[in-house]
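J.: I'd like to ask some things about the structure below.
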Amino acid sequence: MKKLKILATATLFTVACAQASATVKVGFMLPYSGAYGTIGQTIENAFKLYVEEQGGKLAGQDIQYFRVDDESNPSKGPDNANRLIKRDQVDVLVGSVHSGVAMALAKAAKDAGVTLIIPNAGADAITGPLCSKGVFRTSFSNWQPGYAMGPVAIDKGYKTAVTITWNYAAGQESTDGFKEAFEEKGGKVIRHLTVPFPTVEFQPLLTEIASIKPDVVYAFFAGSGAVKFVQDYAGANLAANIPLVGSGFLTDGTLEAQGASADGLLTTLHYADNLNTPRDNAFRASFSKRYPSNPIDVYAMQGYDAAQLLDAGLKAVGGDIKKRDQMHEAMSNAVVDSPRGQFKLSAAGNPIQDIYLRQVKNGKNEIVKVAVEKLADPARGCKL
Amino acid sequence: MDVATYLIQCLNAVQYGLLLFLVASGLTLIFGIMGIINLAHGSFYMIGAYMAFALQPLVAQYLGGGFITTVLVCIVLAALLGYFLEWAFYSYLYTRDHLQQVLMTYGLILVFEELRSIIIDNDVHGVSAPEWLSGSIQLGDLMTYPTYRLFISAVCIIVAVFMYWLLSRTRLGMMIRAGASNREMINSLGIDINQLFRVVFALGVALAALAGAIAVPVSSVYPGMGNAVIIISFVVVVIGGIGSIKGAFIAAMLIGFVDTFGQILFPQVAGVLVYIMMATILLFKPEGLFKQG
Chain H
53 MKKLKILATA TLFTVACAQA SATVKVGFML PYSGAYGTIG QTIENAFKLY VEEQGGKLAG
113 QDIQYFRVDD ESNPSKGPDN ANRLIKRDQV DVLVGSVHSG VAMALAKAAK DAGVTLIIPN
173 AGADAITGPL CSKGVFRTSF SNWQPGYAMG PVAIDKGYKT AVTITWNYAA GQESTDGFKE
233 AFEEKGGKVI RHLTVPFPTV EFQPLLTEIA SIKPDVVYAF FAGSGAVKFV QDYAGANLAA
293 NIPLVGSGFL TDGTLEAQGA SADGLLTTLH YADNLNTPRD NAFRASFSKR YPSNPIDVYA
353 MQGYDAAQLL DAGLKAVGGD IKKRDQMHEA MSNAVVDSPR GQFKLSAAGN PIQDIYLRQV
413 KNGKNEIVKV AVEKLADPAR GCKL
Chain R
648 MDVATYLIQC LNAVQYGLLL FLVASGLTLI FGIMGIINLA HGSFYMIGAY MAFALQPLVA
708 QYLGGGFITT VLVCIVLAAL LGYFLEWAFY SYLYTRDHLQ QVLMTYGLIL VFEELRSIII
768 DNDVHGVSAP EWLSGSIQLG DLMTYPTYRL FISAVCIIVA VFMYWLLSRT RLGMMIRAGA
828 SNREMINSLG IDINQLFRVV FALGVALAAL AGAIAVPVSS VYPGMGNAVI IISFVVVVIG
888 GIGSIKGAFI AAMLIGFVDT FGQILFPQVA GVLVYIMMAT ILLFKPEGLF KQG
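Quick note, the sequences are listed as chains H and R, same order. To get our numbering, take the position in the first sequence, counting from 1, and add 52. To get our numbering, take the position in the second sequence, counting from 1, and add 647.
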């Protein structure tokens, strides 16, 4: 009996202690394997870098990390999210890269009342119909870079365009954004070409483009598909006759493999390789010092900002993560001092940000100018 | 679509079909002759591609050779790998049922993919075509066709002719065909069936690796690249008739045309056209276009 009493007291004591040193639990649900494996690790590294820069604490709170490999598999999304929410009882979820996973995550976070910060996935729906008070995005919506290319193409004097992408949501959203802006200003998208995802046999469509002869081609591809498309486009010698433009993901993380084929390509994105602002330079120096072998890219920047956004929220409630509504309020109104340039969030939780026009030079996405200033996602379907 | 565009599209279809044939012919050899459902065949394609990427600097340094030498080295290494794998794993599968074969070869996919990730990261890497093949020929008024793609087609045709010769005109081919139809019989005739199968398997792996290696300058290397080809390769084998090289050739060409013109004429359903074609063919010819032979 005495033993039991001691045990009970000990248990109570442990519980009390755990409550006293209230750490903030952050759950990373990111891809750590497969095609997006490096991106997941980059985001985690950048997030931790910011926390380390603040002395290892945010608003005086210790941060405890949990991680789950989401394998970029949407069907495992709800289960993986629940592992972090129910088992590890995280306060904040950070994820993911794949849009399908992020959508599952948005639903799970909303149901459980957990704060979610999305450091990449661009699906319009997340800050559209699926928007919620506790769901924030530090990246972009697919619509944004697409829309920003519209005025650029018009300024260049292009009247007709062909859009080309994989037959899936992200590509559709990106090309829809381009079409919207391009046609608002008097251009005309005369054909929308698609390839089944993840096919990379583009030759038939390139032949089709050559026979349509538009003034410009707008493409959305990413990763290996982007490499192959840009190479094939150059290989077919179309680049000399019909300029190719695209969303920034066409040339981000793919330039090394694309080689000379990518030279001169114009793309739009919320980040570029040589912004050369004090904020960005400081971020780049700090990141490359801490993780010398990890390339600094748009993903690193977005992961870093996820930590900044959380910091802003925690500071507003004095580190008390239990004051969830106040924290969300503060995050919604925060001005994030991002390496990309300062931004605020829209009512739907998506960054209102400058979208840069970049050109590929010397293996870098060099900034040409700001394509559209303070571009806000229209957040169609969001009821907040 | 004007006539010129139409003709260029035919060229595209043939080129795609030929490359598909190169991958699928190895699969049909292994599947049709040894009766093994080898899901890991796509991994051999991936291994060939990654070898072409990773070995090029080494080959240049130690052998002083360029792209072609690298491809030859890849073929030799792949054949050795195939020989080893048959001895270590596949030889135990002949008597097992298909479910166990699927399980083990699927396991191999995961192993190869993980090894690739450990040895050479998860980034996308490009390999440039050799200088003398990097030109292009003019097609129509705007477009050019990369010479390298013609080179791929030429290699595929040479391999197809070689395979035809090997299987129908040589003693080895005769033994392979006999072994396919009756393993016990050929064994009792005093031919070492184990050795024969090991050679066939090595040949199959080498064909997949060759396809991967020569495809690299136009496809780059990237994670999961093997998985993309394995499904369509099985479609080729199933349409063509299990074990028939001739069937695989014709099926690959059919797919090349259906896929190419499907993308242009019916873009919304392009992804499923090939499978609709497969279903239709199997409805009338359940064993594929050409039965084993």
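All residues carry an ideal CB built from backbone N, CA and C; glycine is no exception. Keep in mind it's a predicted model, so treat the numbers as computed, not measured.
For alanine 70 of chain H, which residues from the same chain have a beta carbon less than 7 Å from its beta carbon, with the 5 sequence-adjacent residues on both sides left out?
T.: Here residue 70 of chain H refers to the residue found at position 18 of the first sequence. Here the model assigns alanine 70 of chain H a pLDDT of 45, short of 50, so the residue's position is not dependable, and the following value carries that caveat. Nothing meets the Cβ criterion.
J.: Sorted by chain position, which residues of the same chain lie with C-beta nearer than 7 Å to methionine 822 of chain R's C-beta, five sequence neighbours on each side aside?
T.: Mapped onto the second sequence, residue 822 of chain R falls at position 175. These residues qualify, in order along the chain: Ile833, Ile838, Leu843.
J.: Nearest by alpha-carbon distance to alanine 368 of chain H: which of H:Arg331, H:Ala111, H:Pro83 is it?
T.: Indexing the first sequence from 1 puts residue 368 of chain H at position 316. When only C-alpha atoms are compared, the closest one is H:Ala111.
J.: For glycine 415 of chain H and alanine 825 of chain R, what's the separation of their Cα atoms in angstroms?
T.: As a working mapping, residue 415 of chain H is identified with position 363 in the first sequence. As a working mapping, residue 825 of chain R is identified with position 178 in the second sequence. Each residue's Cα considered, the two are about 56 Å apart.
J.: Between the stretch 786–798 of chain R and the stretch 254–265 of chain H, do three or more beta carbon pairs fall short of 8 Å?
T.: A contact exists between the stretch 786–798 of chain R and the stretch 254–265 of chain H.
J.: In or out: tryptophan 812 of chain R buried (at least 16 other Cβ within 10 Å) or exposed?
T.: Residue numbering aside, residue 812 of chain R sits at position 165 when the second sequence is read from its first letter. Classification for tryptophan 812 of chain R: exposed.
J.: Can you grab the Cα-Cα spacing for the pair serine 828 of chain R / threonine 907 of chain R, in whole Å?
T.: In the second sequence, residue 828 of chain R corresponds to position 181, counting from 1. In the second sequence, residue 907 of chain R corresponds to position 260, counting from 1. Each residue's Cα considered, the two are about 36 Å apart.
J.: Who pairs with glutamate 418 of chain H in a beta bridge, going by DSSP?
T.: On the first sequence, residue 418 of chain H is found 366 positions in, with the first residue counted as 1. Beta-bridge pairing links glutamate 418 of chain H to H:Gln411.
J.: By the three-class DSSP mapping on this structure, what secondary structure does isoleucine 115 of chain H have?
T.: Taking the first residue of the first sequence as position 1, residue 115 of chain H is located at position 63. Residue state, collapsed to three classes: strand.
J.: Here's the rule: buried if 16 or more other CB atoms are within 10 angstroms of the residue's CB, otherwise exposed. What is valine 67 of chain H?
T.: Along the first sequence, read from residue 1 onward, the residue named residue 67 of chain H stands at position 15. Because valine 67 of chain H sits at a pLDDT of 48, beneath the cut-off of 50, its placement in the model cannot be relied upon, and the point is left open.
J.: Contact defined as beta carbons within less than 8 Å: I believe glutamine 360 of chain H pairs with serine 384 of chain H. What is the distance between those atoms, to the nearest angstrom?
T.: For this step, residue 360 of chain H is matched to residue 308 along the first sequence. For this step, residue 384 of chain H is matched to residue 332 along the first sequence. Not really, about 14 Å apart at Cβ, beyond 8 Å.
J.: Just checking: is the beta-carbon of serine 276 of chain H within a distance shorter than 8 Å of some beta-carbon in chain R?
T.: One-based indexing of the first sequence puts residue 276 of chain H at position 224. Yes, contact with chain R.
J.: When you compare the CB of glycine 871 of chain R with every CB in chain H, is at least one pair closer than 8 Å?
T.: As a first step, residue 871 of chain R must be located in the second sequence, where it is residue number 224. Output row for glycine 871 of chain R: interface = yes.
J.: For threonine 75 of chain H, go through chain R and note every residue whose CB falls closer than 7 Å to its CB, in chain order.
T.: Position 23 of the first sequence holds residue 75 of chain H. Ordered by position in chain R, no residue passes the 7 Å Cβ test against threonine 75 of chain H, which lies about 32 Å from the chain.
J.: Curious, which full-length beta strand (DSSP E) runs of at least 3 residues does the stretch 162–234 of chain H contain?
T.: Those beta strand (DSSP E) runs which fall completely within the stretch 162–234 of chain H and span 3+ residues are 167–170, 187–189, 212–218.
J.: Measuring only between beta-carbons, confirm whether glutamate 381 of chain H sits less than 8 Å from chain R.
T.: Position 329 of the first sequence, counted from the first residue, corresponds to residue 381 of chain H. Not an interface residue.
J.: How long is the line joining the alpha carbons of alanine 98 of chain H and aspartate 121 of chain H, rounded to whole angstroms?
T.: By 1-based counting over the first sequence, the position of residue 98 of chain H is 46. By 1-based counting over the first sequence, the position of residue 121 of chain H is 69. Near 17 Å, if we compare the C-alpha coordinates of aspartate 121 of chain H and alanine 98 of chain H.
J.: Take alanine 701 of chain R and list the residues in its own chain whose beta-carbon comes closer than 7 Å to its own, dropping the five residues that flank it on each side.
T.: Looking up residue 701 of chain R in the second sequence gives position 54. Correct list, in chain order: Ile767.
J.: Is it buried or exposed, valine 279 of chain H, if we count other Cβ atoms within 10 angstroms and call 16 or more buried?
T.: If you number the first sequence from 1, residue 279 of chain H lands on position 227. Looking at its Cβ environment, which holds 16 or more other Cβ atoms inside 10 Å, valine 279 of chain H is buried.
J.: Once DSSP output is grouped into helix, strand and coil, what is the label at glycine 79 of chain H?
T.: Stepping through the first sequence from its first residue, residue 79 of chain H is reached at position 27. Three-state result, glycine 79 of chain H: strand.
J.: Quick one, which residues of the stretch 84–113 of chain H are near chain R if we go by CB-CB under 7 Å, in chain order?
T.: Cβ contacts with chain R: Gly86, Ala87, Gly89, Thr90.
J.: So which residues on chain R does threonine 306 of chain H lean against when the C-beta distance must stay under 7 Å?
T.: Taking the first residue of the first sequence as position 1, residue 306 of chain H is located at position 254. Those are Val771, listed as they occur along chain R.
J.: Please tell me whether tyrosine 922 of chain R has its Cβ less than 8 Å away from any Cβ of chain H.
T.: Counting from one through the second sequence, the residue named residue 922 of chain R turns up at place 275. So no, tyrosine 922 of chain R is outside the interface.
J.: For the stretch 144–155 of chain H, which residues have a beta carbon sitting closer than 9 Å to at least one beta carbon of chain R?
T.: Per Cβ criterion, the list is empty.
J.: Between the C-alpha atoms of alanine 292 of chain H and alanine 286 of chain H, what's the straight-line distance to the nearest angstrom?
T.: Taking the first residue of the first sequence as position 1, residue 292 of chain H is located at position 240. Taking the first residue of the first sequence as position 1, residue 286 of chain H is located at position 234. If you take the alpha carbons of alanine 292 of chain H and alanine 286 of chain H, they lie about 8 Å apart.
J.: Within its chain, find whatever has a CB closer than 8 Å to the CB of glycine 909 of chain R; leave out the 5 residues flanking it on each side and keep chain order.
T.: Taking the second sequence and counting its residues from 1, the one referred to as residue 909 of chain R is at position 262. Counting only Cβ-Cβ distances below 8 Å, and skipping sequence neighbours, we find Val916, Ala917, Leu920, Val921.
J.: Would you say phenylalanine 668 of chain R faces chain H, with C-beta separation under 8 Å as the test?
T.: For this step, residue 668 of chain R is matched to residue 21 along the second sequence. Phenylalanine 668 of chain R does not count as touching chain H.
J.: Histidine 150 of chain H by DSSP, collapsed to three states: which one?
T.: Numbered from its first residue, the first sequence carries residue 150 of chain H at position 98. Residue state, collapsed to three classes: coil.
J.: Going by Cα to Cα distance, which pick from H:Ala175, H:Gln411, H:Gly401, H:Leu101 is closest to threonine 190 of chain H?
T.: In the first sequence, residue 190 of chain H corresponds to position 138, counting from 1. Of H:Ala175, H:Gln411, H:Gly401, H:Leu101, the residue nearest in Cα terms is H:Gly401.
J.: Could you give the distance in angstroms between the alpha-carbon of leucine 307 of chain H and the alpha-carbon of histidine 772 of chain R?
T.: For this step, residue 307 of chain H is matched to residue 255 along the first sequence. For this step, residue 772 of chain R is matched to residue 125 along the second sequence. Looking at the two C-alpha atoms, the distance is approximately 9 Å.
J.: Give the DSSP bridge partners of alanine 271 of chain H, in chain order.
T.: Here the question's residue 271 of chain H lines up with position 219 in the first sequence. DSSP, once it has assigned bridges, lists H:Ile216, H:Gly298 as partnering alanine 271 of chain H.
J.: Run through chain H and tell me which residues come within less than 7 Å of valine 883 of chain R, C-beta to C-beta.
T.: Against the second sequence, residue 883 of chain R aligns to sequence position 236. Those within 7 Å of valine 883 of chain R in chain H number zero; the least Cβ separation is about 14 Å.
J.: Can the beta-carbon of threonine 329 of chain H be found closer than 8 Å to that of threonine 319 of chain H?
T.: By 1-based counting over the first sequence, the position of residue 329 of chain H is 277. By 1-based counting over the first sequence, the position of residue 319 of chain H is 267. Going by C-beta atoms, threonine 329 of chain H is not nearer than 8 Å to threonine 319 of chain H.
J.: Let me know the beta strand (DSSP E) ranges lying completely inside the stretch 694–759 of chain R, each 3 residues or longer, listed in chain order.
T.: The qualifying runs do not exist here; there are none.
J.: Would you report the Cα separation of lysine 341 of chain H and isoleucine 91 of chain H, rounded to the nearest angstrom?
T.: Reading the first sequence from its first residue, position 289 is the one you call residue 341 of chain H. Reading the first sequence from its first residue, position 39 is the one you call residue 91 of chain H. Taking the straight line joining both Cα atoms gives about 18 Å.
J.: For isoleucine 861 of chain R versus leucine 667 of chain R, is the C-beta distance shorter than 8 Å?
T.: In the second sequence, the residue the question calls residue 861 of chain R occupies position 214. In the second sequence, the residue the question calls residue 667 of chain R occupies position 20. Contact: no.
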